[in-house]
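K.L.:
Here it is, the structure in full.
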Amino acid sequence: MTLPKHYNAAEAESKWYQYWMDKGYFHSTPDDREPYTIVIPPPNVTGVLHMGHMLNNTIQDVLIRKARLEGKNACWVPGTDHASIATEAKVVKLLREQGIKKSDISREEFLKHAFDWKDKYGGMILEQLKMLGASCDWKRTRFTMEDKLSKAVIKVFVDLHKKGLLYRGLRMTNWDPAAQTVLSNEEVIHNQENSKLYHVRYQVEGTTDEWVTIATTRPETILADAAVAIHPDDERYTHLRGKKVIIPMVNRVVPIIFDKYVKMDFGTGALKVTPAHDMNDYEIGQRHNLEVIDMLHDNGRLKGPFYVGMDREDARKQIAKDLKAQGYLVKTENYTNSVGRSERTNSVVEPKLTKQWFLKMDPFSATALKAVEDGTINFLPEHMLNMYRNWLKEENVRDWCISRQLWWGQQIPAWYLKEDKEQFFVAESAEEALQQAQEKLNNPNLSLEDLEREEDVVDTWFSSWLWPMSVFDAFENPEEMKYYYPTNVLVTGWDIMFFWVARMVMAGYEWAPELLGEEIAQEKGIHPFKHVYFTGMVRDRLGRKMSKSLGNSPDSIELIKKYGADGVRFGILSAAAAGGDVIFDAPFTDKTNTSIQNESDLCNTGSKFCNKLWNALKLLKELPVTDKPANDKIAKINAFAIKWLEQEYNKTLNAIEKGFESYRLSEVAKTLKNFIWGDFCSWYLEIIKPDYQQPIDRATLDTTIDFFEKFMTLLHPFMPFVTEEIWAHLRDNRAEGDDCTLSTWPTAGAFDETFLYNTSIMKDLVSAIRDARNKNQLSAKAPLDLLIKDTPAAHSFLAEDGIKATIERIAFLKSLNYTSEEQHEGAAFIAGTEQYYLLFEKKVDVAAERKKLEAELKQKQGFVMGIEKKLSNERFVNGAPAAVIERERKKLADGKAKIQLLEESLAKLN
């Protein structure tokens, strides 16, 4: 069979993924093998594949494919998250385009529209993951809003309430006016933003010319002021004790209070207090029994009595104008302050007093912290523990606000009395809630019509914190969980460390003991995963996080189409050390300057690697073959090459295993490329390749194919498509099921460091010979003689059986001998570990050669002077590390030695 000239990535990817799916290679059921389990961080059902997903899922696929090759029962569970806020916003927008308002339809009708949208558009990202090569068990695909997973959420909610860990209370919360729902503290992103600081004066009641000036970034909230606060020790205002001020424009009289929260050195030292619209002001108001005045609707528009219906941003500008016109605005200045925005909608978050459901976190946080600190769960990289520890410090832990004012999500299982909303009953069904109500109120005549269900849903994270258990339906039947739990590794971004990672640990320790049973829990552990691999952020060449708004993120699918899935996988992974940000330089149009960036070297390198492998396959498949043994010289060369590659392979495999153990997958990828592309393709195949139109002996070819197969197995987790394609062509008439995906991960053998050191000298020498030929404009294959300085090291190097013949063959030498001479006429000196002289006749243009040597001498002298100046600087010598000083001294010695050689060469020309 004649192979195509070039590797066709698109054709191979389409063919092999469907083949793997048809064969059911990714599906897992419990058996007697060791399980290896990964649960996918469920992407939002609204999502599409971006560079962060590509990095995260490539890492997971590498780990799961290696486990499969190792004979483990590999189970990678995919799925999506219902993403309450994002999905509801999309559905509301879609309905609005159809002329339908959410407020005009019932909850049931809205949910039908939402599920229709999900069925049509949701899950697109999972299909895109298949294009990337993700070997998930697609038969196990889960969705956080499906019936069984929703039932698990309800069951857990009821259980927590029974344990006294859930409560409903009136608290200051973070309100998203765009999504019109409360947010947890972790869903509010704080950034420094440019604002205005408005200095406004309040008239002291009963005076005509005494004023108190406050400074605020939000003048619109003046309408809801309940007091002006001053620090008790601020002597500037002690005379105002017991007095009041008049709020500008609204003319409401409020007290002047004294509270230690006020900072005397900020602004004027006087603070306007608006309990309904600031977290800290609310606490001050509680201490001083102040009125709580809410001046904002849920959508961020003003209630009144002034500026009714005006958006808060517009109202701010108008109020500032009116304050100035009425003489209340003293001055305005530019100001930088921290602004909290909704993670989902980017809307500025409003502090708002609302009644919500909260989960007490104190009982959970200590357990979650201990699980990582005692090594039960390992973080990679280890320094991520510091961030985790800071999140879970006792003083930083806040109760989790788990209710959301949405319809898309698991509806909270609480029922209220219609006539008394403070009476509520938490149960898994309305019938159970009714029974509770009848018993508690001692009223058997109550009916379901007397109850009304809570409108709110639970936070999306409240479903996903159960993910490692709920995907196995553990709350309904824990048998599968007993086999697959705990999972082996979680691969995720550090930005959801507290949102998700910590909470999954908490959930595991809370419910796994009960679900697994005491015996299995003690044997296997109750932690949800053993390792957590934190990926970094994918950034562009300027260090900016890739985002749609900047336009600096390439289209993931277009990248796959251009470079192939293997090329993209290898490209992004080779740049991705655990926890470190990935600088991914890919083609895109930057909206900040509309310039087209250069194409990604990373993906291009991966694509070229595929072609290199294909060319190696073509070489082996197209060589003429003979059953006769090779002649003695060729046999010796081939035997040496096989011995060298075998040992280099064992050394490489040993390094690869260590890399996997420490999850240094980026290093493993680069190690594999250097070995396969460099040692195998560029060196080994060059050594064993027969002369033009000459056959290769079958024994050497068979051994080479054996090598190639092993290398494809090693590379398969990283580049699954090209390795499967090459595997299929390496041998004729493969047995059914003899596929690279299911091949056996090899075991590392022994290797001799001394032997490998000598072969490294051989490669350096051959490279130096080729370089010398190029510099002296000699044919790459012109037969030349090589003399090696006669030393014990040289004898040891050339004593390896077959190495001398190999050098002569691939460097195209007539002979290779020793010499005791220091210089040789008509020879090119090759600087290496030893001294080599490549002998040939050449006509020298003395004038040109002198000019060239003089220029090189001048450059080298300048270089030496620079080093000497640096080393004569006491500040540098005393301040630089010892290794740096030593490096500079070595550069100086090398420079002086080169100067001496150049001067000697010039002397010979005179």
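In UniProt numbering, the protein residues as written are 1 to 910.
No residue lacks a Cβ here, since even glycine has one placed at the ideal position from N, Cα and C.
Since we're looking at a predicted model, the values are computed, not measured.
How should D399 be labelled, buried or exposed, when 16 other C-beta atoms within 10 angstroms of its C-beta is the threshold for buried?
P.N.:
When all chains shown are included, D399 counts as buried.
K.L.:
Please report the residue range of the beta strand (DSSP E) in which L490 lies.
P.N.:
Start and end: 487–493.
K.L.:
Answer with buried or exposed for M546, where buried requires no fewer than 16 other C-beta atoms within 10 angstroms of its C-beta.
P.N.:
The residue in question, M546, is buried, as its Cβ has 16 or more Cβ neighbours within 10 Å.
K.L.:
Would you check if the region 143–157 and the region 52–71 touch, i.e. whether three or more CB-CB distances between them fall below 8 Å?
P.N.:
No contact exists between the region 52–71 and the region 143–157.
K.L.:
At the level of alpha carbons, what is the spacing between Q859 and G375?
P.N.:
C-alpha separation (whole angstroms): 56 Å.
K.L.:
Going by other Cβ atoms of all chains shown within 10 Å of its Cβ, with 16 needed for buried, is P468 buried or exposed?
P.N.:
P468 is buried by the Cβ-count criterion.
K.L.:
Could you tell me which whole alpha helix (DSSP H) segments of length 4 or greater appear in the region 417–478?
P.N.:
You should have 430–440, 461–464, 467–470.
K.L.:
Classify K591: buried if its beta carbon has 16 or more other beta carbons within 10 angstroms, exposed otherwise.
P.N.:
Note on K591: pLDDT 46, under 50, position unreliable in the model; the coordinate value appears next. Exposed is the call here.
K.L.:
Classify I520 as helix, strand or coil using the three-state DSSP reduction.
P.N.:
It is helical.
K.L.:
If I follow the unbroken beta strand (DSSP E) through C75, where does it start and stop?
P.N.:
From DSSP, the beta strand (DSSP E) with C75 extends over 73–77.
K.L.:
What is the residue span of the alpha helix (DSSP H) that Q835 lies within?
P.N.:
No alpha helix (DSSP H) contains Q835, which is instead part of the beta strand (DSSP E) from 835–839.
K.L.:
Can at least three beta-carbon pairs, one atom from the region 165–184 and one from the region 327–339, be found at a separation below 8 Å?
P.N.:
No, the region 165–184 is not in contact with the region 327–339.
K.L.:
Measure the Cβ-Cβ separation of P78 and E480 and say whether it is below 8 Å.
P.N.:
In this structure, E480 does not lie closer than 8 Å to P78 by Cβ.
K.L.:
In this structure, what does DSSP give as the bridge partners for I125?
P.N.:
Bridge partners of I125: none, in fact.
K.L.:
Return helix, strand or coil for F588, following the three-state DSSP convention.
P.N.:
In this prediction, F588 has a pLDDT of 45, which is less than 50 and means its spatial position is unreliable; nothing more can be read from the coordinates.
K.L.:
I'd like the list of long-range same chain contacts for H27, defined as Cβ closer than 6 Å, with 5 residues on each side in sequence excluded.
P.N.:
If we look at H27 and ignore the five residues flanking it on each side, its Cβ neighbours are D137, K139.
K.L.:
Terminal residues of the continuous alpha helix (DSSP H) containing M387?
P.N.:
It spans 384–392 - the alpha helix (DSSP H) in which M387 sits, taken as one unbroken run.
K.L.:
Could you tell me which residues DSSP pairs with Q192 in its beta bridges?
P.N.:
Answer by DSSP bridge pairing, in chain order: S338.
K.L.:
When the cut-off is 8 Å and only beta carbons count, does K804 lie next to chain D?
P.N.:
No chain D is part of this structure, which consists of one protein chain only.
K.L.:
Return the chain-ordered list of same chain residues with a C-beta closer than 6 Å to the C-beta of S470, the five sequence neighbours on each side being excluded.
P.N.:
Cβ neighbours of S470 beyond the five flanking positions: L149, A152.
K.L.:
Measuring alpha carbon to alpha carbon, tell me which of S820, A577, H239, A437 ends up nearest A427.
P.N.:
Of the candidates S820, A577, H239, A437, the one whose C-alpha sits nearest the C-alpha of A427 is A437.
K.L.:
What residue range is occupied by the uninterrupted alpha helix (DSSP H) comprising N615?
P.N.:
Its alpha helix (DSSP H) spans residues 601–622.
K.L.:
Let me make sure I understand the geometry here. Which of R68, K112, L323, F358 has the alpha-carbon closest to that of E88?
P.N.:
Among R68, K112, L323, F358, the Cα nearest to that of E88 belongs to K112.
K.L.:
Alpha carbon to alpha carbon, how far is K66 from H6? Give it in angstroms, no decimals.
P.N.:
When rounded, the distance between both Cα atoms is 28 Å.
K.L.:
Would you mind stating whether L838 and A772 have Cβ atoms separated by less than 8 Å?
P.N.:
Result yes, Cβ atoms of L838 and A772 sit closer than 8 Å.
K.L.:
Count the other CB atoms within 10 Å of the CB of A750; is the residue buried (16 or more) or exposed (fewer)?
P.N.:
A750 comes out exposed.
K.L.:
Looking only at its own chain, which residues have a Cβ that is under 7 Å from the Cβ of K781, when we skip the five neighbours before and after it?
P.N.:
Hits under 7 Å: F812.
K.L.:
Within 10 angstroms of its Cβ, does R698 collect 16 or more other Cβ (buried), or is it exposed?
P.N.:
Label assigned to R698: exposed.
K.L.:
Looking at K670: is its Cβ nearer than 8 Å to the Cβ of S574?
P.N.:
The answer is yes: Cβ separation under 8 Å.
K.L.:
Spatial neighbours of V668 within its chain, please: C-beta separation below 7 Å, excluding the five flanking residues on both sides.
P.N.:
I656, G659, F660, listed in sequence order.
K.L.:
Return the CA-CA distance between F258 and T208, expressed in angstroms with no decimal places.
P.N.:
Whole-angstrom Cα-Cα distance: 23 Å.
K.L.:
Enumerate in chain order the residues of its own chain whose CB-to-CB distance from L892 is below 8 Å, with the five nearest sequence positions on each side excluded.
P.N.:
Closer than 8 Å at the Cβ level, and outside the excluded window around L892, lie V864, I867, E868, L871.
K.L.:
In this structure, does DSSP put A9 in helix, strand or coil?
P.N.:
Here A9 sits in helix by DSSP.
K.L.:
Would you report the Cα separation of K244 and I256, rounded to the nearest angstrom?
P.N.:
Between K244 and I256, the C-alpha separation is close to 5 Å.
K.L.:
Give the secondary structure of S662 by DSSP, where H, G and I count as helix, E and B as strand, and everything else as coil.
P.N.:
Three-state DSSP puts S662 in coil, outside helix and strand.
K.L.:
Please determine, among K689, A577, I637, the residue with the shortest C-alpha to C-alpha distance to K618.
P.N.:
The option with the nearest alpha carbon to K618 is K689.
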